[in-house]
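Read the structure below first, then the notes.
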Amino acid sequence: MKLESVELRLIKLSLVAPFETSFGVQTERNVLLLKAVTDQGEGWAECVAGDEPTYSSEYVDGARRVLVDHLIPRLLNRDLVAADVATVLHPVHGHKMAKAAIEMAVLDAELRARGESFA
154 MKLESVELRL IKLSLVAPFE TSFGVQTERN VLLLKAVTDQ GEGWAECVAG
204 DEPTYSSEYV DGARRVLVDH LIPRLLNRDL VAADVATVLH PVHGHKMAKA
254 AIEMAVLDAE LRARGESFA
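Numbers in this note's numbering are just positions in the sequence shown, counted from 1, shifted up by 153.
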């Protein structure tokens, strides 16, 4: 399967109820969605990074930047399956949430191409 492109979408999601932690109260969340387009179809995933690097060192804007500048370029136009993604991205240290998001999008595309569900 060849990864042809990856589209990133940043959406603002209002929470059903306020989410309170020791870091504060959150009523909405920025969510980074990924759409991986392959020669066999497309797959979707969500990057779970938060808005700020308070709970984790990863955050939405940083994940977007590392995806655009480092992760996606290493995967584009390669023949690969989801099981190959971690090996290809291994030289990039850290950024586990961003790496997981692109791997899930590729896996979703792979499964959809076989008529299987990620769920």
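Note that beta-carbon positions come from the ideal geometry of N, C-alpha and C, so glycine has one too.
None of the values given here were measured: they were computed from a predicted structure.
Of the residues the options, which one's Cα is nearest the Cα of residue i?
i	options	result
residue 220	208, 200, 234	200
residue 256	183, 178, 175, 197	197
residue 202	270, 264, 245, 250	250
residue 168	174, 180, 175	180
residue 164	183, 206, 170, 173	183
Assuming residue i contacts residue j (C-beta within less than 8 Å), just tell me the rounded distance between them.
i	j	result
residue 176	residue 208	6 Å
Looking at residue j and residue i, is the spacing between their C-beta atoms short of 8 Å?
i	j	result
residue 156	residue 231	yes
residue 248	residue 216	yes
residue 194	residue 266	yes
residue 245	residue 223	yes
Across the stretch 179-192 and the stretch 160-169, are there enough close Cβ pairs to call them in contact, namely three or more that are closer than 8 Å? yes
Kindly confirm or deny that the stretch 230-240 and the stretch 248-264 touch, where touching means at least three C-beta pairs closer than 8 Å. They touch, by the three-pair rule.
In the stretch 160-227, which residue ranges form an unbroken alpha helix (DSSP H) of at least 4 residues, counting only runs that do not cross its ends? 213-219
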